[in-house]
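Undergrad:
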Amino acid sequence: MSSNGRDSLPFREKVASEHRSPEINPYVTLHRTFGPPVIAAEDVAVWKGRWAECFGRQAPLHLEVGCGNGFFLAGMAARHPEWNWVGIEIRYKRVVLTAKKLLAADAADYARIVRYDAWWLDDLFEAGSIAGIYVNHPDPWMKDRHADKRLMGPMFARFAAWALQPGGEVRLKSDFRPNLDGLVKGAEGLPLSVLSRSEDVREALPWDREDDVVTNYQSKFDRRDAPVYGLRMVREEGVVPAPAGPRQSRAVR
Ligand SMILES: C[S@@+](CC[C@H](N)C(=O)[O-])C[C@H]1O[C@@H](n2cnc3c(N)ncnc32)[C@H](O)[C@@H]1O
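Sequential numbering from 59 applies to the sequence shown in the numbering used here.
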């Protein structure tokens with residue numbers, strides 16, 4: 059694994075036509091034909107630096123990474139219709155489920171769900187362009203030998219520090235403590251610092267309750283009475299170099 063953390067993780071199926079068996083997964087086609095609020099990976103690059111145009115208005119841009127079934131994105135968009143919202147999700151079916159939730163929440167004018175690989179977010183956003191980043195229950199990759207597959211590490215910290223405006227925040231909830239530790243460690247030396255941490259968000263949420271939505275995964279841990287950790291980080295003043303790294307082949311491995 060190189061220092062930027064993504065060199066050995068090529069973006070599979072960047073183009074939906076690269077999917078090995080689209081006939082087996084109807085969502086490969088469906089997400090392409092769904093229309094707004096879905097943006098397919100092959101159609102999104104055009105919006106880099108132009109998200110205000112995409113939404114037809116200037117508003118603070120908020121990003122959720124790994125939306126799953128879309129409870130959080132739709133719930134937060136409904137609470138903050140004054141912001142523009144972008145969700146990123148790699149799995150086709152979850153993109154469509156999230157899109158349906160955005161439509162049901164009447165949020166499709168100011169929220170988009172993009173099928174994309176979150177290891178490559180700097181393809182989609184510019185430096186200092188994002189007001190808030192939310193990550194809920196990122197995949198844990200529990201085994202030590204898989205630790206370098208965890209998104210919550212140096213690469214993501216660098217992206218967040220680079221893409222956030224000064225004063226912008228990252229809010230992370232996870233049932234897996236190494237995800238929080240990975241992000242904090244990854245941010246060492248960057249102008250991205252911890253505002254607060256929680257050992258269980260049910261007891262102490264690091265942000266206002268009205269700015270929180272219980273996600274699908276979170277509710278599983280609630281039912282087991284297992285802790286969900288919370289981390290709130292803020293972007294301080296300072297310069298961050300672009301998250302660089304060689305672009306991998308788009309071929310499916
Ligand atoms: C454990 S689930 C959590 C889903 C949701 N945030 C929740 O809390 O219910 C992790 C989500 O991240 C998505 N994901 C994992 N790796 C990703 C990547 N590289 N890019 C975008 N999404 C990713 C998965 O497809 C999945 O929907």
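Each residue gets a CB set at the ideal place from its N, CA and C atoms; glycine is no exception.
Note that this is a predicted model, so its numbers are computed, not measured.
1) To which residues of the same chain is residue 294 closer than 8 Å at the C-beta, ignoring the five residues directly before and after it?
2) Measure from the alpha carbon of residue 181 to the alpha carbon of each residue in 129, 162 and 217, then state which is nearest.
3) Under 8 Å by Cβ, that's how I've got residue 113 and residue 142 pegged, so tell me the actual separation to the nearest angstrom.
4) Helix, strand or coil for residue 231, going by three-state DSSP, please let me know.
5) Residues around ligand 1, please: the ones whose beta-carbon is closer than 7 Å to some heavy atom of it, in chain order.
6) Starting from the C-beta of residue 196, find all residues in its chain whose C-beta is less than 6 Å away, skip the five residues before and the five after it, and write them out in chain order.
7) Terminal residues of the continuous alpha helix (DSSP H) containing residue 154?
8) For residue 200, count neighbouring Cβ atoms within 10 angstroms of its own Cβ and tell me buried if that reaches 16, exposed if not.
9) For residue 155, I'd like the list of residues in its chain whose CB is within less than 6 Å of its CB, leaving aside the five on either flank, ordered along the chain.
10) Where does residue 297 fall in DSSP's three states?
TA: Reading from the atomic positions:
1) The beta carbon of residue 294 is closer than 8 Å to those of 224, 249, 250 and 251 in its chain, skipping five residues each way along the sequence.
2) The residue with the shortest Cα to Cα distance from residue 181 is 217.
3) With a Cβ gap of about 5 Å, residue 113 and residue 142 count as contacting.
4) DSSP places residue 231 in the strand class (E or B) of the three-state scheme.
5) Cβ atoms closer than 7 Å to ligand 1 belong to 123, 124, 125, 126, 127, 129, 130, 146, 147, 148, 149, 152, 174, 175, 176, 177, 194, 195, 196, 197, 209, 273, 274, 275 and 276.
6) Closer than 6 Å at the Cβ level, and outside the excluded window around residue 196, lie 124, 209, 210 and 237.
7) Element bounds for residue 154: 150–162.
8) By the C-beta density criterion, residue 200 is exposed, having fewer than 16 other C-beta atoms within 10 angstroms.
9) Excluding positions up to five away in sequence, the list reads 127 and 128.
10) Reduced to three states, the DSSP call for residue 297 is coil.
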